[in-house]
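Chemist: Be aware that the sequence shown starts at 286, since it is given in my numbering, and climbs by one per residue.
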Amino acid sequence: MGVLNITPDSFSDGGTLHRNGRPDLDKILRRAEQILIEGAGIIDVGGESTRPGADVVSVAEELDRVLPVVEAITQRFKTIVSIDTSSPELIREAAACGGAMINDVRALERPGALAAARQSGLPICLMHMQGQPKTMQHTPGYNDVVGEVIDYLSGRAAACVAEGIDRSLLLVDPGFGFGKRYSITWRCLTACRQ
């Protein structure tokens, strides 16, 4: 999976996919092509930064950033486009314009997200994150990180199934670095088979 962060404050590209404060579609498509050449089978497009300390963006801003990019990539390349969002509105819109997967760092916890995901019929990646992006790295702490991550993701998967989402559409992500310091992330990595 290659990541395209369509945010001016991206941790991975420093906002280089922007010009004059707006997403630069030419740069974005060149980067998408490079990602595919490098071997990615999925391009993950996100319009809200979830780096530590990030502020929440409006739904309108997230839609404006992401939808034109999803449409352009799906028209130009034969690839799977994943939508990195927690917004029910973007889940619905992205599915309608070519998105093939939902990647949600909040594991469909926002009001309306479960229903939107069910209606989309798309595969969904549910991620564990302790806290919210703005504060998640301030004081992360666990009694049993592996057990807590497993319990949380199992609970979110159960909520999806109760909503009518087929279990075969669910993927889970332990959320390396999201509300986890290095040593805690390492414990999660070594326990992934669980």
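Don't be surprised by glycine CBs; every beta carbon is placed ideally from N, CA and C.
1) Go to residue 310, then tell me how far its alpha helix (DSSP H) extends in each direction, as first and last residue.
2) Assuming residue 273 and residue 313 form a contact by the criterion Cβ under 8 Å, report the distance between their Cβ atoms to the nearest whole angstrom.
3) Counting C-beta neighbours from all protein chains within 10 Å, is the total for residue 378 16 or more, i.e. buried, or is it exposed?
4) Thinking C-alpha only, which one of 469, 323, 348, 472 is nearest residue 368?
5) Taking the C-alpha atoms as reference points, what is the distance between residue 356 and residue 342?
6) Considering just the uninterrupted stretch of the beta strand (DSSP E) at residue 387, what are its terminal residues?
7) With the cut-off set at 7 Å, would you say residue 444 and residue 407 are in Cβ contact?
8) Is residue 497 helix, strand or coil when you go by DSSP?
9) Please confirm whether residue 317 and residue 327 have their CB atoms less than 7 Å apart.
10) Nearest to residue 384 by alpha carbon, out of 458, 395, 358?
Modeler: Let me lay it out:
1) Unbroken alpha helix (DSSP H) run through residue 310: 310 to 322.
2) Nothing can be reported for residue 273: it is not among the residues displayed for the chain, which extend from 286 to 479.
3) The residue is buried, with at least 16 neighbouring Cβ atoms inside 10 Å.
4) When only C-alpha atoms are compared, the closest one is 348.
5) If I take the Cα positions, the gap works out to 21 Å.
6) Here the beta strand (DSSP E) through residue 387 covers 386 to 389.
7) The Cβ-Cβ distance between residue 444 and residue 407 does not fall below 7 Å.
8) No answer is possible for residue 497: the residues shown for the chain start at 286 and end at 479.
9) No, Cβ-Cβ distance for residue 317 and residue 327 is not below 7 Å.
10) Residue 384 has its Cα closest to that of 358, out of 458, 395, 358.
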